[in-house]
Amino acid sequence: MESSEALWQLMGEEMIRAARTTGVIGFSILDLGEGKEYSHLGDTVFPTASTIKIPILVALAHQVFRGERAWDQRVPVPRARAGGSGMLQWLQHVEELSVWDLASLMIAISDNVATNICIDMVTMEAVNRLLDDLGLSRVRLRRKMMDPEAVARGDENVATPTQLTRLMSKLHYQVEIPEPVCHDVLAILRLPKQGPFTEALPVEVPRANKPGGLPGASIDSGIVYLPRRPYALTVMGTFLEEDRCPAMRGVVRTAHRYMKLLDESRGYGRR
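Residues 878 to 1148 (the numbering used here) are what the sequence shown spells out, left to right.
In structure tokens, the structure reads:
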């Protein structure tokens, strides 16, 4: 075993230790420079909360790429508006917005009104069909935001850490997803936002991600852009006692510490 392989193994083991809490935390990390992967409970199905908005955004960008919509197209904002996170529910005089602005609100402040408009534009069926085409059948959009009847039926939006990380890697590598779609999606995912990545990573480190949270659940998935070793990371927690769980931040912080060390080192660990 080479020393870099040993360090990779140590990173994974320390991430597992960081994930120990009351509840269940799984993660998946992929070194986008070297292609190395490590996961813990990577194939376990977790609720996604607002992180499901990543595939909604990908489906919307596909529509724009195919010419079915334009980013500057104006879309009506309905008067009956979903609650939960976001601002549109409070802005009574906003009657229409561009597709780009709706997508940006969906990602940057997790606006549920904007998200439901985006779902209406692309349809749940089309989002899941796209995920199937990408080989990501365990990532499922099953309901709109703030739909208590769907929640009561158990129609939860779900994913596995490994498949969310694969989606991010496809966007980075532009594999199976057209380059303009990847460009637009990652541009919106780079917008500033709050969540485990924001709380755990140095402020100067660029990232493209989407966090999510529900009572008892916390998620974040995205790409962290180090100069030589960018990496895709997904951390998913459920049955958590705290919504802002310290263990979630601990996993992200541990991953970044090791990836930064690899990024700054040459062969056999020389810096």
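For each residue, glycine too, the CB sits at the ideal point set by N, CA and C. None of these values were measured; they are calculated from a predicted model.
Quick one, are the C-beta atoms of residue i and residue j less than 9 Å apart?
i     : j     : result
T921  : G903  : yes
M1125 : Y1108 : no
T1042 : L907  : yes
T925  : I1054 : no
P1088 : V1101 : no
A1094 : G1114 : yes
V1129 : P1073 : yes
M964  : N993  : no
G919  : T1039 : yes
A895  : G1099 : no
D1009 : R1020 : no
S881  : L1110 : no
A1077 : L1063 : no
Can you tell me which residues form a DSSP beta bridge with residue i?
i     : result
A1094 : L1091
D908  : Y1108
I996  : According to DSSP, I996 bridges with nothing at all.
A1085 : I1100
P924  : V1035
R1017 : V1035
I902  : G1114
Assuming residue i and residue j make a contact with CB atoms under 8 Å, what is their CB distance in whole Å?
i     : j     : result
R951  : S975  : 6 Å
W885  : K913  : 6 Å
V1016 : L1044 : 7 Å
V1004 : L1018 : 5 Å
R1106 : L1139 : 5 Å
V954  : V990  : 7 Å
A980  : L909  : Not quite, the Cβ-Cβ distance comes to about 24 Å (not below 8 Å), so this is no contact.
W948  : W977  : 4 Å
A938  : V1058 : 4 Å
P932  : L1007 : 7 Å
D1120 : G1090 : 6 Å
L1117 : T898  : 7 Å
F923  : V1035 : 7 Å
Which residue comes first and which comes last in the alpha helix (DSSP H) that contains residue i?
i     : result
Y915  : Run containing Y915: none in the alpha helix (DSSP H); it sits in the beta strand (DSSP E), 914–917.
P1123 : 1123–1141
R1043 : 1038–1050
M892  : 880–895
V935  : 930–942
N1005 : 1001–1010
V1028 : 1025–1030
A1064 : 1056–1066
E1119 : No alpha helix (DSSP H) contains E1119, which DSSP labels as neither H nor E.
A1077 : 1073–1077
Got a sec, what are the start and stop residues for the beta strand (DSSP E) residue i sits in?
i     : result
T1115 : 1108–1115
S975  : 973–975
R951  : 951–953
Kindly examine the ligand FAD and report whether one of its heavy atoms sits closer than 8 Å to the Cβ of residue i.
i     : result
M1001 : Ligands in the displayed structure: none, and consequently the ligand FAD is not present.
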